[in-house]
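Chains as they are written, first to last, in my numbering: chain A, 27 to 138; chain B, 27 to 138.
Beta carbons: idealized from backbone N, C-alpha and C, even for Gly.
Every value quoted in this text rests on a predicted model; they were computed, and no experiment measured them.
Number of protein chains: 2
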Amino acid sequence: MEDETTKLAKMLKALGNPVRLQILTYLASTHSCITNDIVQQIPLAQSTVSQHLKVLRQAGLILGEIEGPATCYCLSAQGFSWLRQHLTLTLDGLLITQEPNLIQLDIRTETE
Amino acid sequence: MEDETTKLAKMLKALGNPVRLQILTYLASTHSCITNDIVQQIPLAQSTVSQHLKVLRQAGLILGEIEGPATCYCLSAQGFSWLRQHLTLTLDGLLITQEPNLIQLDIRTETE
DNA sequence: TCCTTATATCGTACTTTTACGATATAATAA
DNA sequence: TTATTATATCGTAAAAGTACGATATAAGGA
Numbered sequence: 027m028e029d030e031t032t033k034l035a036k037m038l039k040a041l042g043n044p045v046r047l048q049i050l051t052y053l054a055s056t057h058s059c060i061t062n063d064i065v066q067q068i069p070l071a072q073s074t075v076s077q078h079l080k081v082l083r084q085a086g087l088i089l090g091e092i093e094g095p096a097t098c099y100c101l102s103a104q105g106f107s108w109l110r111q112h113l114t115l116t117l118d119g120l121l122i123t124q125e126p127n128l129i130q131l132d133i134r135t136e137t138e
Numbered sequence: 027m028e029d030e031t032t033k034l035a036k037m038l039k040a041l042g043n044p045v046r047l048q049i050l051t052y053l054a055s056t057h058s059c060i061t062n063d064i065v066q067q068i069p070l071a072q073s074t075v076s077q078h079l080k081v082l083r084q085a086g087l088i089l090g091e092i093e094g095p096a097t098c099y100c101l102s103a104q105g106f107s108w109l110r111q112h113l114t115l116t117l118d119g120l121l122i123t124q125e126p127n128l129i130q131l132d133i134r135t136e137t138e
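Now the structure itself:
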C-alpha cells in the first residue's frame, strides 16, 4: 500500500516538470484532448510525450479513455480535488504558523 | 533568467519528495528550527538532510539564517505565497474547466 | 591553543528521470 | 488483406536525484 505522504509526493513530483505543466495547461484549455494534439503542442518526440502522460496518469492527475485508435485524455477532477485537499491540510496550513515578511538572510555559502 | 513555469516546476519538484515534505511539516510545527533538530527527526545521514535542505532553499521554500555555529531554518512565507498564487492561477483554475465526477475508464494497457 | 559542536560540501555508488528512435499493437480505411 | 493512423512500449544513453561516509569550515568552550 501507499502512504498518503508518498502519494502526495508522487503527485507533486509529477507536477514538478515544465513539460508536464504545459501538458496540463493544454489539457485544461481544450476538450479535444487526443494524444496527437498534445504531441503537436510539445516540441518533443511522441514517445517522450507518451511517457509524460503515463507519469501524469499514474499520479492520478489525468484520465485516459480509448476512442477508436486514439486515446482521449482529460484532467482528473478527483485527483486534483484530492491534491487540493491535502495541500490545504499541509502546505497552506504551514504558512499560518509563520510570521509574514521574512527576509532572506545570508547563508553560509552560496555558490550556485 | 528563469521562466515562471520553470520556477513553479522547481518548487513543485522540491515538494515532490516524502523526506522534504516531512522536513517542511516539521519546520511548520516548531520555531526552533536548527538543522540538527531536523536531523534528529529524519532517519537519514546528516549530509543527506543537508542536501535536502539545500534543494528546499534553492527552490525558495525555506530560509536559512546563521546563528553561531548552527543554521536556523524556517519556511519562506514569500515563497509559499508565490507558490499559492501561481497554483491558483494554473492548477486550481484547471479544475473549473472540467466536469465533475469523471470516472477512470479503461486504459489500453496497464501493467504497473 | 585545542576540543567539541554544527553544518556544508566532496567524492562516490546506485537509482531514477528524461529524451530519443525503433517497434508492437489496435482500429479504421482502401 | 493491406495500408494508414494513433499510441504505447522497448532499448538505450545521458543527465539528475538520492543516499552514504569522509572531510572542511566556522563558532564557541575548556
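Residue range of the unbroken beta strand (DSSP E) whose run includes T31 of chain A:
Not the beta strand (DSSP E): T31 of chain A falls in the alpha helix (DSSP H), residues E30 to L41.
Are the beta-carbon atoms belonging to M37 of chain B and L89 of chain B less than 8 Å from one another?
No. Outside cutoff.
With DSSP as the reference, label A103 of chain B as helix, strand or coil.
helix
Spatial neighbours of S102 of chain B in its chain, beta-carbon cut-off 8 Å, leaving aside the 5 residues before and after:
G86, L87, I88 and L89
7 Å Cβ cut-off: residues of chain B touching T32 of chain A:
Simply P44.
Per DSSP, T97 of chain B is paired with what?
B:I92
In whole angstroms, what is the alpha-carbon distance linking H78 of chain B and G42 of chain A?
16 Å
Please go through the same chain and pick out, in chain order, the residues whose beta-carbon is closer than 6 Å to the beta-carbon of C59 of chain A, but skip the five residues on each side of it.
L53, C98, Y99 and C100
DSSP has I49 of chain B in a bridge; who is on the other side?
I49 of chain B is not bridged to any residue.
Terminal residues of the alpha helix (DSSP H) in which I64 of chain A lies:
T61 to Q67
Out of B:H57, B:L50 and B:Q66, point me to the one whose CA is closest to K80 of chain B's CA.
B:L50
Once DSSP output is grouped into helix, strand and coil, what is the label at L87 of chain A?
coil
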